[in-house]
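Peer 1: Residue numbers for the sequence shown, in our numbering: -8 to 219.
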Amino acid sequence: MKIHDMHPSLRPRERAEHLGIEVLSDRELLAIVLRSGTKYQSVLEIADLIFERCGNITGLPKMTLHELIKINGIKKVKAIEVLAIIEIAKRMVEPHCGQIVEIYDTASIIKWLFIKIGYAKQEQFLVIYLNQNRCILNHQVLFVGTVDRSLIHPRDIIREASIVGAMKVVFVHNHPSGTMAPSRSDIEATTVLIRACRLVGVEVYDHLIVSQSNYISLRFQLPELFIE
């Protein structure tokens, strides 16, 4: 059924206006972002097709431009508009990375990491630089791709640590598959980096592996890696 054929009390925009935006379902919110349907599909039906592809609203941030435009009724402009809304939402919940934030424990940055790289479809290796009091000085994505010790250059990490005055670093990478067990490559890369950083007096505080909604700490799971 087309939107204009629906009773006004059932139309997403009218419901938002009279009842408040917070009462709308996920499909209704997405329908408002999509704005219009096609000759043969209502905007709500197109919203349903998107959710069929990504599972539910939590899977929406994983959608790529290519995947969206493959859905019937979604053209490039509309797909980019959806991605723009997703990016706005991510930035709203992401702490301002430029300010110095004190880290009291690992949990204080996990929510940020879920947003930062948890939804990424490719593995990303990120380094967080800390001062002696565990305040964030800087962070950088070192590379994108499967973690391999041959691809990680300790000199790049050490150079940045020297520039920002970091005494500690935290390594983070994501597992797009959702599997939380560290791979052999993860462990080997961590060992190489710990040894290299230790030579110049930089402590590897932890290596975190994150997914969309879960994480593990190698310091907790494999403490022997961090013992001198």
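Every residue, glycine too, gets a C-beta built ideally from N, C-alpha and C. Treat the numbers as computed from the prediction; the structure is a model and nothing was measured.
1. Should L133 and M158 be called a contact, given that it needs their Cβ atoms to be closer than 9 Å?
2. CB-CB under 6 Å to A111, same chain, minus the five flanking residues each way: which ones, in chain order?
3. State the start and end residues of the unbroken beta strand (DSSP E) segment that holds K102.
4. Return the Cβ separation of D177 and I200 in integer angstroms, given the expectation that the two are a contact with Cβ distance under 8 Å.
5. Taking the alpha helix (DSSP H) that H164 falls in, what are its first and last residues?
6. How long is the line joining the alpha carbons of T182 and T55, rounded to whole angstroms?
7. Which residues in the same chain have their Cβ closer than 6 Å to the Cβ of H9, if we skip the five residues on either side of it in sequence?
8. Measure the CB-CB distance between R210 and Y196 and report whether it falls below 9 Å.
9. For chain D, check one thing: does any of its Cβ atoms lie closer than 9 Å to the Cβ of L21?
10. Taking the alpha carbon of V135 as the reference point, which residue from L117, T170 and V160 has its own alpha carbon closest?
11. Assign S227 to buried or exposed, taking buried as 16 or more other Cβ atoms, counted over all protein chains shown, within 10 Å of its Cβ.
12. Can you give, in chain order, each stretch of the alpha helix (DSSP H) that sits fully within the segment 108 to 196 and has at least 4 residues?
13. My guess is that L184 and V155 are in contact by the Cβ rule of under 8 Å, so how many angstroms apart are they, rounded?
14. Around the Cβ of A98, are there at least 16 other Cβ atoms within 10 angstroms (buried) or fewer (exposed)?
15. Which residues mark the beginning and the end of the alpha helix (DSSP H) in which I48 is found?
16. What is the rounded straight-line gap between the Cα of V34 and the Cα of R26?
Peer 2: Well, looking at it:
1. Position 142 of the sequence shown, counted from the start, is the residue given in the question as residue 133. Position 167 of the sequence shown, counted from the start, is the residue given in the question as residue 158. The answer is no: Cβ separation not under 9 Å.
2. Stepping through the sequence shown from its first residue, residue 111 is reached at position 120. These residues qualify, in order along the chain: N165.
3. Along the sequence shown, one-based indexing puts residue 102 at 111. That residue, K102, is in no beta strand (DSSP E); its alpha helix (DSSP H) goes A98 to L104.
4. Taking the sequence shown and counting its residues from 1, the one referred to as residue 177 is at position 186. Taking the sequence shown and counting its residues from 1, the one referred to as residue 200 is at position 209. Confirmed, Cβ separation roughly 7 Å.
5. By 1-based counting over the sequence shown, the position of residue 164 is 173. Unbroken run through H164 is the beta strand (DSSP E), K159 to N165; no alpha helix (DSSP H).
6. Looking up residue 182 in the sequence shown gives position 191. Looking up residue 55 in the sequence shown gives position 64. Their Cα atoms are separated by approximately 34 Å.
7. Along the sequence shown, read from residue 1 onward, the residue named residue 9 stands at position 18. So the list is empty, once near-sequence residues are dropped.
8. Working through the sequence shown from its first residue, we reach residue 210 at position 219. Working through the sequence shown from its first residue, we reach residue 196 at position 205. In this structure, Y196 lies closer than 9 Å to R210 by Cβ.
9. Protein chain content of the structure displayed is limited to a single chain, and chain D is not contained in it.
10. By one-based count along the sequence shown, residue 135 stands at place 144. The shortest Cα separation from V135 among L117, T170 and V160 belongs to L117.
11. Lying outside -8 to 219, the shown extent of the chain, residue 227 is not represented and no answer is given.
12. 145 to 155 and 175 to 190
13. One-based indexing of the sequence shown puts residue 184 at position 193. One-based indexing of the sequence shown puts residue 155 at position 164. Not confirmed; about 17 Å, so no contact.
14. For the purposes of this step, residue 98 is taken as the residue at position 107 of the sequence shown. Its Cβ having fewer than 16 others within 10 Å, A98 is exposed.
15. On the sequence shown, position 57 is the one that residue 48 refers to. Looking at the DSSP string, I48 is not in any alpha helix (DSSP H), and its letter there is neither H nor E.
16. As a first step, residue 34 must be located in the sequence shown, where it is residue number 43. As a first step, residue 26 must be located in the sequence shown, where it is residue number 35. If you take the alpha carbons of V34 and R26, they lie about 7 Å apart.
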